[in-house]
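Protein chains in written order, with the numbering used here: chain R, 1 to 294; chain U, 295 to 470.
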């Protein structure tokens, strides 16, 4: 990618980190018992404005110096160093810590599955195996069933549904072909920004999937199940979004996936991933206290 | 009898402590195995993709039916480069296919002239190459071993999400 696209790619990543931090801590702030772990960002809008101004200055700078069309790749020393630092940051805050994982609920999981299904129907997303097709259909039907029933899910089932949600994001991450997209020569400014936002979100979830997969495997032993009771409420809440915002957001994003496939505005998988991200974060913010019965 | 039971208990305790101590290493091993799996899978996927898109078919002669560490050597005349030796990796094919090859046999091969690669595949059995998942055996084995060890003591996996007291001090957990 060119340097000007790289600037927007970095801006996308930085803004997404702020949004994920906010989403992770909005939930934590509600739960008083978790408050010791959570720390709210001081006025995140100031940080966002600062990041946009910084990116604007960098964007202007590379144009003034006439290096805006210079190509950069992961092999360049400074870029490699930058990505190593980003990787460490993600590892500490998102994988070893709990500062970046946005909490989800049954509505989010259903919405994401519908978006991936819409991506598949428009040809943007392709499932490589019939087994995955069958599993995907089963999980979609299960999510629809869970939407209709009013009871809270058992913790182990929640853990499995959460693992499926992470697996979907890992699949999108693999399909995005991040390395190829990074070295793509025809990436425009909008795609560069969208790629930055999606890249950090999917990377975090793909890495967390490895950890969560081991956690799910450890549930085979009954003595390990006591831990899941503390973990799952932080990741997968019982509080759902209001039905109307849920329907509007999901249908709106499905329509956006279809329009993107029709007008070919952004690469299909990238746009579907972006819609998944928007759905996860918007629905986690629109939780208004509709809680499942135990 | 009592002594045997005591020894058994102590052995189990020692094993439990061992698994507790190695669990962080096993998590690391699992992560490494996942990276290896993705790397091997990606390389195989690229090989198949390149062979499909840029592979060149040629008639080659089997030099020796006995496979070397690189595979079964075959020789053919490459336009502009003369005689060239390539190797057919045996792992892709069933034993029957490999046993049917004899020194001096003519076989159709697919190779990648652009990549300066010493590998070739049997053109008539390309579907075997396409559907080969042998690359996953080694990393999946590592993942399984690591997973089994972590299952015994998964406490480390919860660090950062649950307070240390709740993980390591059972008396600190609220009674349900």
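Just so you know, even glycine gets a beta-carbon here, dropped at the ideal spot from N, CA and C.
Under the Cβ criterion of 9 Å, residue 415 of chain U is not counted among the residues facing chain R. Contact between residue 452 of chain U and residue 74 of chain R is absent: CB atoms are separated by about 33 Å, not below the 8 Å threshold. Per DSSP, residue 150 of chain R lies in no beta strand (DSSP E) segment and is marked neither H nor E. Residue pairing by DSSP places residue 371 of chain U opposite U:377 in a beta bridge. Cβ-Cβ separation between residue 379 of chain U and residue 367 of chain U: approximately 6 Å, consistent with a contact (criterion under 8 Å). Across the set U:442, U:341, U:456, U:315, the C-alpha of U:442 shows the shortest separation from the C-alpha of residue 213 of chain R. Judged by beta-carbon spacing, residue 250 of chain R lies beyond the 9 Å limit of residue 116 of chain R, meaning their Cβ atoms are not closer than that value.
Among the residues of chain U, those whose CB is under 8 Å from the CB of residue 230 of chain R are 452, 455, 456, 460, following chain order. Of all residues in the segment 306-339 of chain U, only 321, 324, 325, 328 come within less than 7 Å of chain R when Cβ atoms are compared, listed by chain position. One thing to note: residue 259 of chain R has its Cβ no nearer than 9 Å to the Cβ of residue 197 of chain R. Between residue 350 of chain U and residue 405 of chain U a beta carbon distance of about 6 Å is seen, short of the 8 Å cut, so the two are scored as contacting.
Neighbours of residue 135 of chain R across chain U, judged by C-beta separation under 7 Å, do not exist; the nearest C-beta is about 18 Å away. With the rule of 3 Cβ pairs closer than 8 Å, the segment 70-89 of chain R does not count as touching the segment 140-147 of chain R. For residue 374 of chain U and residue 407 of chain U, the gap between their C-alpha atoms comes out near 11 Å. A straight-line Cα-Cα distance of about 29 Å links residue 337 of chain U and residue 121 of chain R. The Cβ-Cβ distance between residue 118 of chain R and residue 257 of chain R falls below 9 Å. Contacts with chain U at 9 Å (Cβ-Cβ) do not include residue 275 of chain R. Interface residue (Cβ-Cβ distance to chain R less than 9 Å): residue 351 of chain U is not classified as such. In this structure residue 283 of chain R does not touch residue 98 of chain R by the C-beta definition: roughly 19 Å separates them, more than the 8 Å allowed. Cβ proximity to chain U below 8 Å picks out 210, 211, 214, 215, 217, 218 from the segment 202-219 of chain R. Residue 400 of chain U sits in a strand when the DSSP states are folded into three classes.
In the three-state reduction of the DSSP assignment, residue 405 of chain U falls in the strand class, which pools E and B.
If the five residues before and after residue 113 of chain R are omitted, its C-beta is found closer than 8 Å to the C-beta atoms of 136, 139, 140, 143, 168, all from its own chain and listed in chain order.
In the same chain as residue 362 of chain U, and ignoring 5 residues on each side of it, the C-beta atoms closer than 8 Å to its own belong to 381, in chain order.
With a threshold of 16 other beta carbon atoms within 10 Å, residue 307 of chain U falls short and is exposed. Taking 8 Å as the upper bound for CB-CB distance, residue 7 of chain R and residue 58 of chain R are in contact here, some 5 Å apart. Taking C-beta atoms under 8 Å as the contact rule, residue 401 of chain U and residue 392 of chain U fail to qualify, at a distance of about 11 Å. At a Cβ-Cβ threshold of 9 Å, residue 67 of chain R and residue 211 of chain R do not count as neighbours. Take residue 281 of chain R, set aside five residues on each side of it, and the residues of its chain with a beta-carbon closer than 7 Å to its own are 19, 23, 102, in chain order. Here residue 109 of chain R is near residue 165 of chain R, since their CB atoms are less than 9 Å apart.
As computed with DSSP, residue 165 of chain R is found in no beta bridge at all. Within its own chain, the residues whose Cβ lies closer than 7 Å to the Cβ of residue 146 of chain R, once the five positions on either side in sequence are excluded, are 106, 153, listed in chain order.
Not one beta carbon of chain R lies nearer than 9 Å to the beta carbon of residue 301 of chain U. Going by DSSP, residue 352 of chain U is part of no alpha helix (DSSP H) but of the beta strand (DSSP E) stretching over 350-356. Between residue 79 of chain R and residue 163 of chain R a beta carbon distance of about 33 Å is seen, past the 8 Å cut, so the two are scored as non-contacting. For residue 389 of chain U, the nearest beta carbon of chain R is not closer than 9 Å to its own beta carbon.
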